[in-house]
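*Asks:* Okay, handing you the structure first.
Take a look at the structure:
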């Protein structure tokens with residue numbers, strides 16, 4: 367299958383976004399780009415295609431999407447840090463030995479994973495800095 371104009375627009379939307387975005391946010395962006403809305407079901411189909419091609423990732427917890435980082439594309443142990451304030455997403459690589467140890471603990475529990483994607487939720491440095499600035503201003 368090929369990368370159609372609409373697929374390219376969705377992919378570019380993900381690449382340009384500094385945060386994880388929902389299918390509905392992509393619909394809004396495409397509406398401004400095309401002058402007409404692409405139905406949300408079409409966006410979901412395009413996102414599914416992009417995931418199959420290794421170009422996008424779905425954040426299961428947040429139900430949002432991000433473009434797949436090219437620098438970690440072939441790294442089997444890359445995982446995601448997600449800011450709970452601004453939806454910024456950063457990929458990190460977990461040391462293979464740490465991942466193997468985690469897999470051993472999971473296996474010992476009798477649990478079977480359906481996905482090896484870890485989504486770690488927290489607050490990014492920019493939001494922490496913003497909160498510190500707000501706190502400092504309140505003290506003045």
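In this note's numbering, the protein residues as written are 367 to 506.
Ideal Cβ placement from N, Cα and C applies to all residues, glycine included.
Note that this is a predicted model, so its numbers are computed, not measured.
1) For the beta strand (DSSP E) that contains residue 423, what are its first and last residues?
2) Terminal residues of the continuous beta strand (DSSP E) containing residue 487?
3) Taking all protein chains shown into account, decide if residue 437 is buried (16 or more other Cβ within 10 angstroms of its Cβ) or exposed.
4) Does the structure place the stretch 408 to 416 close enough to the stretch 470 to 480 that three or more beta carbon pairs sit under 8 Å?
5) Between which two residues does the alpha helix (DSSP H) carrying residue 464 extend?
6) Starting from the C-beta of residue 395, find all residues in its chain whose C-beta is less than 7 Å away, skip the five residues before and the five after it, and write them out in chain order.
7) By Cβ distance below 6 Å, which residues in the same chain neighbour residue 454 in space, the five residues on each side in sequence not counted?
8) Could you check the C-alpha separation between residue 445 and residue 383 for me, to the nearest Å?
9) Name the two residues that bound the continuous beta strand (DSSP E) containing residue 374.
10) Can you tell me where the alpha helix (DSSP H) with residue 458 in it begins and where it stops?
11) I believe residue 486 touches residue 433 by the beta-carbon criterion, under 8 Å. Please report the beta-carbon distance rounded to the nearest angstrom.
*Replies:* In this structure, then:
1) 422 to 425
2) 485 to 488
3) Residue placement at residue 437 is poorly supported in this model, since its pLDDT is 49, which falls under 50; the coordinates still yield a value, given next. It is exposed - the Cβ of residue 437 has fewer than 16 other Cβ atoms within 10 Å.
4) no
5) 462 to 474
6) 379
7) 385, 490
8) 19 Å
9) Per DSSP, residue 374 belongs to no beta strand (DSSP E); it is in the alpha helix (DSSP H), 371 to 382.
10) Taken as a continuous stretch (DSSP letters only), residue 458 belongs to no alpha helix (DSSP H), being part of the beta strand (DSSP E) at 455 to 459.
11) That pair is no contact at about 19 Å.
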